[in-house]
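Take the sequence shown: its position 92, counting from 1, is numbered 92 in full-length UniProt numbering, and each next residue is one higher.
Heads up, the beta-carbon is just placed ideally off N, CA and C, and yes, glycines get one too.
Since the structure comes first, as structure tokens, the remarks are kept for the end.
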Amino acid sequence: MNPKLPYVLLVGAAVIIFILSCMLLSRGSRSPSCESRPSVVEKTGSTSQSLVFADLTAEEMSRVVRYLQGNLGVPLVDASRAKPSDNCIASVDLQVPAKAEVLRFLDGGGARPAREALAVLYFGNQAEPNVTEYVVGPLPTPVYHRDVTVHKYGGRVPYHRRPTLGSEHKQLRVFLETVAFAAAPTFLREVFEYDRTNVAFQATVPHGFQSGDRVTWFVLFQNVSGFFVHPVGLEVLVDHSSLDISQWEVSRVFYNGQYYRDMVQLESAYVQGRISVEKVRKAAWDGDFSSMKPRAPAAALFPVQYEPQGPRYSVRNNHVLFQGWSFAFGMSVSRGLRLFDIRHKGERVAYEISVQEALSVYGSNCPGGMSTRYMDGSFGLGRYSSPLVPGVDCPYLATYVDTHSLSDGLRPRKRKASVCIFEQNLGSPLRRHYSNLQSLYYGGLVNSALVIRSIATVGNYDYVWDFIFYQNGAMEGKVQATGYPSSSFLHGDGLRYGNRLWEHTLGTIHTSFVNYKVDLDVGGVKNSLVAHDMAFEMTRAPWSPEQQIERPRLTKKVLDTEDQAAFRLQSKMPRYIYFAANSKNKWGHQRGYRIQITSFAGDHMPEASSMERAISWARYQLAVTRRKEEEPTSTSIYNQNDPWTPTVAFADFINNETITNEDLVAWITAGFLHIPHSEDIPNTVTVGNSVGFLLRPYNYYDLDPSIYSHDGVFFTSEQDFTACEINPLACLPKTASCLPNFPPFTYDGFRNM
Numbered sequence: 001m002n003p004k005l006p007y008v009l010l011v012g013a014a015v016i017i018f019i020l021s022c023m024l025l026s027r028g029s030r031s032p033s034c035e036s037r038p039s040v041v042e043k044t045g046s047t048s049q050s051l052v053f054a055d056l057t058a059e060e061m062s063r064v065v066r067y068l069q070g071n072l073g074v075p076l077v078d079a080s081r082a083k084p085s086d087n088c089i090a091s092v093d094l095q096v097p098a099k100a101e102v103l104r105f106l107d108g109g110g111a112r113p114a115r116e117a118l119a120v121l122y123f124g125n126q127a128e129p130n131v132t133e134y135v136v137g138p139l140p141t142p143v144y145h146r147d148v149t150v151h152k153y154g155g156r157v158p159y160h161r162r163p164t165l166g167s168e169h170k171q172l173r174v175f176l177e178t179v180a181f182a183a184a185p186t187f188l189r190e191v192f193e194y195d196r197t198n199v200a201f202q203a204t205v206p207h208g209f210q211s212g213d214r215v216t217w218f219v220l221f222q223n224v225s226g227f228f229v230h231p232v233g234l235e236v237l238v239d240h241s242s243l244d245i246s247q248w249e250v251s252r253v254f255y256n257g258q259y260y261r262d263m264v265q266l267e268s269a270y271v272q273g274r275i276s277v278e279k280v281r282k283a284a285w286d287g288d289f290s291s292m293k294p295r296a297p298a299a300a301l302f303p304v305q306y307e308p309q310g311p312r313y314s315v316r317n318n319h320v321l322f323q324g325w326s327f328a329f330g331m332s333v334s335r336g337l338r339l340f341d342i343r344h345k346g347e348r349v350a351y352e353i354s355v356q357e358a359l360s361v362y363g364s365n366c367p368g369g370m371s372t373r374y375m376d377g378s379f380g381l382g383r384y385s386s387p388l389v390p391g392v393d394c395p396y397l398a399t400y401v402d403t404h405s406l407s408d409g410l411r412p413r414k415r416k417a418s419v420c421i422f423e424q425n426l427g428s429p430l431r432r433h434y435s436n437l438q439s440l441y442y443g444g445l446v447n448s449a450l451v452i453r454s455i456a457t458v459g460n461y462d463y464v465w466d467f468i469f470y471q472n473g474a475m476e477g478k479v480q481a482t483g484y485p486s487s488s489f490l491h492g493d494g495l496r497y498g499n500r501l502w503e504h505t506l507g508t509i510h511t512s513f514v515n516y517k518v519d520l521d522v523g524g525v526k527n528s529l530v531a532h533d534m535a536f537e538m539t540r541a542p543w544s545p546e547q548q549i550e551r552p553r554l555t556k557k558v559l560d561t562e563d564q565a566a567f568r569l570q571s572k573m574p575r576y577i578y579f580a581a582n583s584k585n586k587w588g589h590q591r592g593y594r595i596q597i598t599s600f601a602g603d604h605m606p607e608a609s610s611m612e613r614a615i616s617w618a619r620y621q622l623a624v625t626r627r628k629e630e631e632p633t634s635t636s637i638y639n640q641n642d643p644w645t646p647t648v649a650f651a652d653f654i655n656n657e658t659i660t661n662e663d664l665v666a667w668i669t670a671g672f673l674h675i676p677h678s679e680d681i682p683n684t685v686t687v688g689n690s691v692g693f694l695l696r697p698y699n700y701y702d703l704d705p706s707i708y709s710h711d712g713v714f715f716t717s718e719q720d721f722t723a724c725e726i727n728p729l730a731c732l733p734k735t736a737s738c739l740p741n742f743p744p745f746t747y748d749g750f751r752n753m
């Protein structure tokens, strides 16, 4: 035998083994693709009852505009170009039908309510300018309109209460640049190197001190990325109450702690050397310290969530199904994300859950900051809902929904991916127990919940609005605040009103409050409000009478009236407060849903304030009232510009009416106090800035409904917990070993600005 043959065979065998190993490794490295998922939300072909709550389509909005143009008998100017003295359509939105009509349709086989729109019009070109609201219908082909203003508000809406249009903001900027600033050319050139492009303006609200005022402070900043934290020390008060733009004028000027009659006086004082000038270092175009550009290079990718067997929820038109949950959703122009007909296990638990308002009250030693009280619903929490970035704003593989709105113009605007829906594994058990006493076993359930989210960017603030649905029948409403802090120019005693964030930047103290409407229907429309809590009682030990025991006992109280059910912001509230049904569970308890509030609110504005009634909903952490069609919202978009004579005053809703066995609404307020600090640069994080409420079943079921979830895990010490049929987690190497199909990244947030 050739002596080299064994070596040849060994080398050949090694080569074959190497090739086979490479093939096996290569095959093992290529995981199969996960099951396909719908790439778009279904838009047509549905006869779902939830369409009674659906937002207006772009075509419906356009038809309403054409109808109004042809049937009001007055010329209507495009709001994007309108002057204050023009007539225009400010907004068009869905007119939600009356609850009784909807329930007859949903539950009683009644006729579908007429589909109608609510149009807000500004009539500036008439003898008595005013704001008028029309209901227009039926859609899709309108043939009637009716003026509902007096019915809704008890009178006409004066013109000065109108929310400011984008066109008016543009006109004010032109006034500042061409009229006001023309009076102080030397000051602006030498102090700010002003060239008409390097200054940004931020308007404050409300506009003045009394009804009828339309006088606004404009705070000047360097026009760079994150300009909100780049104040330059100049603020200008403009009186734009006249409908004739040529009559607008500067009422006062503030610079570096000093007030001047107008820009002429400021220029004169500067030229004569009578001004203390504080030069602000010119920031780079990216904002320097306010830039959100990462300061570190990209590294290992962050964890990404995916659904190995496709989504376990469905979205059809405006209707969502998940586990035992179902609901309809929509987007109000002014109030943002809202839900209707929320059901669990097929039974309605709430008719409506919606955001009502977001309020911020600022302090400062500068005029713009100290007079700012933002009521963001007036600007539009839905109107300013921004396109969502996959992978950051929502999980990459979430379902993204486009919305449409019509405001500040005659054409609907499409906001792509402005709502996202996704199931989220929260990374912790919803419930679990490990038993090492007597029997040995483990039982648990992953806490996987459905989230529907929108994010509204209103000026400097970004609000992340979530509604979250859990497998145990609980539901959560939550808002997280981020964005840039508002700031003032640091001077004098500024540190009484916040912290220094940069060389000339004072982060100004402010309170933030959000208000929700929660129309619970627990076991039916008629409910009562019940409070459970605890108290310690002293008792003798029965087996040893000479000894005392302090034991907690249950306290119970039915809250009979609206006054009893109105809990002031910082007052003590029963720890268990719930809507009670007229039915009982298996154990003889009234079925209920409990309201649990998470809030770190600052103090509410003193009630002696002339504008407090406009925000009187913020007096209460919880107020429960009888539901009335004539009290659909806790505030009004008109309250912002005339808080001294509020169009809607929530305090009037509470008039000691009986609330036992009635259709009830809970008005929930949550908030936080924000004292900006150095870690708010470049901008504020969501961690710790999250508030809201939970709705939790309380004796509503006979046991926890999540025990019927398919996600449960249970095994004993005597079972083979590595077997798939015993433990579904053992199947993960097989069922979850797939590669998700990530679509290419897209973003439409910079189109059609």
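Shortest Cα-Cα distance from N87 to any of K416, R281, Q95, G73 involves G73. Going by DSSP, D466 is part of the beta strand (DSSP E) stretching over 461-469. Remark: C-beta atoms of A670 and F650 do not approach each other more closely than 8 Å.
Between V52 and R112, the C-beta gap is smaller than 8 Å, which places the two residues in contact.
Residues G137, P138, L139 of the same chain have their beta carbon placed closer than 7 Å to that of R115, with the five preceding and five following residues left out of the count. Residue range 166-175 is occupied by the alpha helix (DSSP H) that includes E168.
As for any beta strand (DSSP E) of minimum length 3 sitting wholly inside the region 591-629, the runs are 620-626, ordered along the chain.
Looking at the DSSP output, M331 sits in a beta bridge with L337. K83 sits in coil when the DSSP states are folded into three classes, being neither helix nor strand.
In the three-state reduction of the DSSP assignment, K734 falls in the helix class.
Taking a 10 Å sphere around the C-beta of D680, we find 16 or more other C-beta atoms and assign the residue as buried. Per the Cβ contact rule, the region 217-232 is not in contact with the region 162-170 (fewer than 3 Cβ pairs under 8 Å). Contact between A449 and Y470 is confirmed by a C-beta separation of about 5 Å, below the 8 Å threshold. Between the region 364-381 and the region 450-470 there are three or more C-beta pairs closer than 8 Å, enough to call the two in contact. Counting only unbroken stretches of 4 or more residues, the alpha helix (DSSP H) elements lying wholly within the region 130-165 are 149-153, in sequence order. The residue among L673, V236, R214 with its C-alpha nearest the C-alpha of A200 is V236. DSSP, reduced to helix, strand and coil, places S544 within a strand of the structure shown. Between A184 and E267 a beta carbon distance of about 4 Å is seen, short of the 8 Å cut, so the two are scored as contacting.
The C-beta distance from G409 to D78 rounds to 6 Å, short enough to meet the 8 Å contact threshold. The beta carbons of S246 and V215 sit about 17 Å from each other, so the pair does not count as a contact at 8 Å.
M538 is classed as exposed because its beta carbon has fewer than 16 other beta carbons within 10 Å across all chains shown. If you draw a straight line from the Cα of I595 to the Cα of E357, it comes to about 19 Å. Less than 8 Å separates the beta-carbon of L406 from that of M61.
Bounds of the alpha helix (DSSP H) holding A100 are 99-107.
Contact between T399 and S418 does not hold, since their C-beta atoms are separated by about 13 Å, which reaches or exceeds 8 Å. Inter-residue distance for A328 and L188 is about 54 Å (C-alpha atoms, whole angstroms). Here G692 is bridged, per DSSP, to K478, T598.
Within the DSSP bridge table, the entry for L673 names T511 as partners. Annotated three-state conformation of E503 is coil, per DSSP.
DSSP lists Y255 as the beta-bridge partner residues of L234. Apart from the 5 residues on each side of it in sequence, T511 sits with its Cβ closer than 6 Å to the Cβ of V361, G602, L673 in its chain, given in chain order. In the DSSP assignment, Q69 falls within the unbroken alpha helix (DSSP H) covering 58-71.
When the five nearest sequence neighbours on each side are left out, the beta carbons in the same chain lying within less than 6 Å of the beta carbon of F721 are those of F715, N727, in order along the chain. In this structure F579 is in contact with L529, their Cβ atoms being roughly 6 Å apart against a cut-off of 8 Å.
Here G110 is exposed: its Cβ has fewer than 16 other Cβ atoms, across all protein chains shown, within 10 Å.
When secondary structure is reduced to three states using DSSP, Y351 falls in the strand class.
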